[in-house]
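Visitor: Residue numbers (this note's numbering), protein chains in the order written: chain A, 1 to 250; chain B, 1001 to 1250.
We put the CB at the ideal spot given by N, CA and C, even for glycine.
There are 2 protein chains.
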Amino acid sequence: MVSTMTTTSPQGRTELLRPDGSPVRVLVVDDELSITELLSMALRYEGWQIRSAGDGQGAIQTAREFRPDAVVLDMMLPDMDGLTVLGRLRRELPDVPVLFLTAKDAVEDRIAGLTAGGDDYVTKPFSLEEVVARLRGLIRRSGAADRRSDSVLVVGDLTLDEDSHEVSRAGDSIHLTATEFELLRFLMRNPRRVLSKAQILDRVWSYDFGGQANVVELYISYLRRKIDAGREPMIHTRRGAGYLIKPAAS
Amino acid sequence: MVSTMTTTSPQGRTELLRPDGSPVRVLVVDDELSITELLSMALRYEGWQIRSAGDGQGAIQTAREFRPDAVVLDMMLPDMDGLTVLGRLRRELPDVPVLFLTAKDAVEDRIAGLTAGGDDYVTKPFSLEEVVARLRGLIRRSGAADRRSDSVLVVGDLTLDEDSHEVSRAGDSIHLTATEFELLRFLMRNPRRVLSKAQILDRVWSYDFGGQANVVELYISYLRRKIDAGREPMIHTRRGAGYLIKPAAS
DNA sequence: TGCGTTTCTTAGGGAAATCACAGATTCGTG
DNA sequence: CACGAATCTGTGATTTCCCTAAGAAACGCA
Chain A
1 MVSTMTTTSP
11 QGRTELLRPD
21 GSPVRVLVVD
31 DELSITELLS
41 MALRYEGWQI
51 RSAGDGQGAI
61 QTAREFRPDA
71 VVLDMMLPDM
81 DGLTVLGRLR
91 RELPDVPVLF
101 LTAKDAVEDR
111 IAGLTAGGDD
121 YVTKPFSLEE
131 VVARLRGLIR
141 RSGAADRRSD
151 SVLVVGDLTL
161 DEDSHEVSRA
171 GDSIHLTATE
181 FELLRFLMRN
191 PRRVLSKAQI
201 LDRVWSYDFG
211 GQANVVELYI
221 SYLRRKIDAG
231 REPMIHTRRG
241 AGYLIKPAAS
Chain B
1001 MVSTMTTTSP
1011 QGRTELLRPD
1021 GSPVRVLVVD
1031 DELSITELLS
1041 MALRYEGWQI
1051 RSAGDGQGAI
1061 QTAREFRPDA
1071 VVLDMMLPDM
1081 DGLTVLGRLR
1091 RELPDVPVLF
1101 LTAKDAVEDR
1111 IAGLTAGGDD
1121 YVTKPFSLEE
1131 VVARLRGLIR
1141 RSGAADRRSD
1151 SVLVVGDLTL
1161 DEDSHEVSRA
1171 GDSIHLTATE
1181 FELLRFLMRN
1191 PRRVLSKAQI
1201 LDRVWSYDFG
1211 GQANVVELYI
1221 SYLRRKIDAG
1231 REPMIHTRRG
1241 AGYLIKPAAS
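Structure follows, in structure tokens:
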């Protein structure tokens, strides 16, 4: 059990740190190299320390000496069953939270049983924002239980609760679809920073998305309708550069 | 991962340095000699130490012994796929940030995930200011522990934020177009220094620009209207030599 | 299965940005 | 003070980028 704290960097990004100030450690286990690479890159960017393994054997070994604060674990590994890996992991690190990666059509109930203990899962293909968000949640909850307030992002009079998925502006509750929510979360996690359409696509849409880049424009337009409608706008276009969100005041 | 710091040279130029005071090292990889030459010159002018390679093989080798702080990597190399090069680079230097060069029309066919890990890309034909700016950003952010060097340029009462793309003079927010922003950034990165129209054209406009040289005059005029309008001018003409920016006070 | 919701594509309109051109203005010099 | 060169800027054509309506397809849930 590791308690965590958050600090806010000069850029305004919120970072998760261990109590002694050292970076959070995450172990990524997947047999597809492209997946471990993608996850490693993205999680490293969060400021976390990453190790990866390609099979169950390697996972156990790495876990033993790396002692991660969280594990991302693909349920389909070449050498052993996901449950076996999980069991051995638990023997090494009884309290480490695990984020399972499963195929979309995987048996839901089996996973449901596993996540009862406070673990979590995402289905492939996932979006990086989703993985990062769930990992943050797991790590946060595995430490100080009273860190509830950390799950709320605030920009101006706009708030977004990562736990309850509730969004409201100036007190008015706003209903968002899953994609709208992820997009807004990404924007709000990077307030006052211009985010390019490519960046948004890479983080908010799943890694196998092969469609038109203008979905981003489309969803920005949806968000505006729900968040900025009739109010002073918070979402701004920087023509030729991207989008950013900032408090209406300034 | 290398933490960086900034110092301000006697001339007023802001330079990026490694913590031990040694120059930043950048590896440039492109098969077109004209491009590597162009980039090498421009980046050397930043005070950085540059090595270049013409193919993937050479890139890996050079990276191994040169150990750069950042890499500029063309996605179209003769001997191997850009992603393959990236993978091997990552094995050598897990945390090095990469700036990808891609053809304009190749943007659509998946640069997926490239910006997700904090990496970035520019499309050919690019402007040197753009490449330099993005490299500076990457290097600045890759020094995760030390984010003290911030993204705001200041000259007199004029400020320019490279993250939010916000510009303001004496507190008044000023909206600039993309080209105006790049031009002002170039001026502000070289305060009190005369920059010739040719220099400006070479740095701010893309290398294949074939138009009239007086676009520079035109955009200087735009900038003045927005920045100096009704105030003590900060942008000055040195007839026959070029332009310079300096605090209004002196 | 059927219905409402969500996601995404296509395509057209429209606004903004870029740039060429040319006439107006300023500057330096004789 | 007059002249030529250099610089400035108004006008408008062209291009690029962004927004959004409309509808098809996929999804989720009863």
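Taking just the CA atoms, how far does V1029 (chain B) sit from L1099 (chain B)?
Guide: Approximately 10 Å, taken between the alpha carbons.
Visitor: Under the DSSP definition of a beta bridge, which residues are partnered with K124 (chain A)?
Guide: Paired residues: A:A103.
Visitor: Anything in chain A within Cβ reach of G1082 (chain B), meaning under 9 Å, just list it in chain order.
Guide: Chain A residues near G1082 (chain B): none, gap ~14 Å exceeds 9 Å.
Visitor: By the 7 Å beta-carbon criterion, what residues does the segment 36–51 of chain A contribute toward chain B?
Guide: Taking 7 Å as the Cβ-Cβ cut-off against chain B, the residues of the segment 36–51 of chain A that qualify are E37, L38, M41, A42, R44, Y45, G47.
Visitor: Which bits of chain A does D1095 (chain B) rub up against, with CB to CB less than 8 Å?
Guide: Here the neighbours are R44.
Visitor: Just how far apart, CA to CA, sit I1227 (chain B) and Y207 (chain A)?
Guide: Their backbone Cα atoms lie some 42 Å apart in a straight line.
Visitor: For Q199 (chain A) and chain B, any beta-carbon pair shorter than 8 Å?
Guide: So, interface residue.
Visitor: Can you give me the C-alpha to C-alpha distance between R193 (chain A) and T84 (chain A), rounded to a whole angstrom?
Guide: Approximately 44 Å, taken between the alpha carbons.
Visitor: Would you identify the three-state DSSP class for M1234 (chain B), choosing helix, strand or coil?
Guide: Coil at M1234 (chain B), not helix or strand.
Visitor: Identify each residue in the segment 119–145 of chain A for which the Cβ-Cβ distance to at least one residue of chain B is less than 9 Å, and report them in chain order.
Guide: Against chain B - using a Cβ distance shorter than 9 Å - the residues of the segment 119–145 of chain A are L128.
Visitor: Grouping DSSP H, G and I as helix and E and B as strand, with all else coil, what is L1093 (chain B)?
Guide: If DSSP states are grouped into helix, strand and coil, L1093 (chain B) belongs with coil.
Visitor: Following the continuous beta strand (DSSP E) through V1154 (chain B), name the residue where it begins and the one where it ends.
Guide: Element bounds for V1154 (chain B): 1152–1155.
Visitor: Would you list the one or two residues that DSSP bridges to Y1243 (chain B)?
Guide: The partner list for Y1243 (chain B) (beta bridge, DSSP) reads B:L1195, B:T1237.
Visitor: Rounded to a whole number of angstroms, what is the C-alpha to C-alpha distance between E1180 (chain B) and P1247 (chain B)?
Guide: Near 19 Å, if we compare the C-alpha coordinates of P1247 (chain B) and E1180 (chain B).
Visitor: Report the three-state DSSP secondary structure of A1170 (chain B) (helix, strand or coil).
Guide: A1170 (chain B) falls in the coil class under three-state DSSP.
Visitor: Should the segment 17–27 of chain A be called in touch with the segment 62–78 of chain A, which here means at least 3 C-beta pairs below 8 Å?
Guide: Touching, yes.
Visitor: Classify A1229 (chain B) as buried or exposed, calling it buried when 16 or more other Cβ atoms lie within 10 Å of its own Cβ.
Guide: With fewer than 16 Cβ atoms within 10 Å of its Cβ, A1229 (chain B) is classed as exposed.
Visitor: Does R1025 (chain B) come out as helix, strand or coil in the three-state DSSP assignment?
Guide: Three-state result, R1025 (chain B): strand.
Visitor: Whose Cβ in chain B lies nearer than 8 Å to the Cβ of V194 (chain A)?
Guide: Going along chain B in sequence order, the residues near V194 (chain A) (Cβ under 8 Å) are D1163, S1164, H1165.
Visitor: Going along chain A in order, which residues have a C-beta closer than 7 Å to the C-beta of G1117 (chain B)?
Guide: Here the neighbours are M41, A42, R44, Y45.
Visitor: Please report how far the alpha carbon of H236 (chain A) lies from the alpha carbon of R1238 (chain B), in whole angstroms.
Guide: Computed Cα separation, rounded: 37 Å.
Visitor: I need the boundaries of the alpha helix (DSSP H) containing Q1212 (chain B), first residue and last residue.
Guide: Q1212 (chain B) -> no alpha helix (DSSP H), and no H or E assigned at all.
Visitor: Counting C-beta neighbours from all protein chains within 10 Å, is the total for G240 (chain A) 16 or more, i.e. buried, or is it exposed?
Guide: Burial call: exposed.
Visitor: With burial defined as no fewer than 16 other Cβ atoms inside 10 Å of the residue's Cβ, what is the status of N1214 (chain B): buried or exposed?
Guide: N1214 (chain B) should be labelled exposed.
Visitor: Can you tell me where the beta strand (DSSP E) with S1034 (chain B) in it begins and where it stops?
Guide: That residue, S1034 (chain B), is in no beta strand (DSSP E); its alpha helix (DSSP H) goes 1033–1045.
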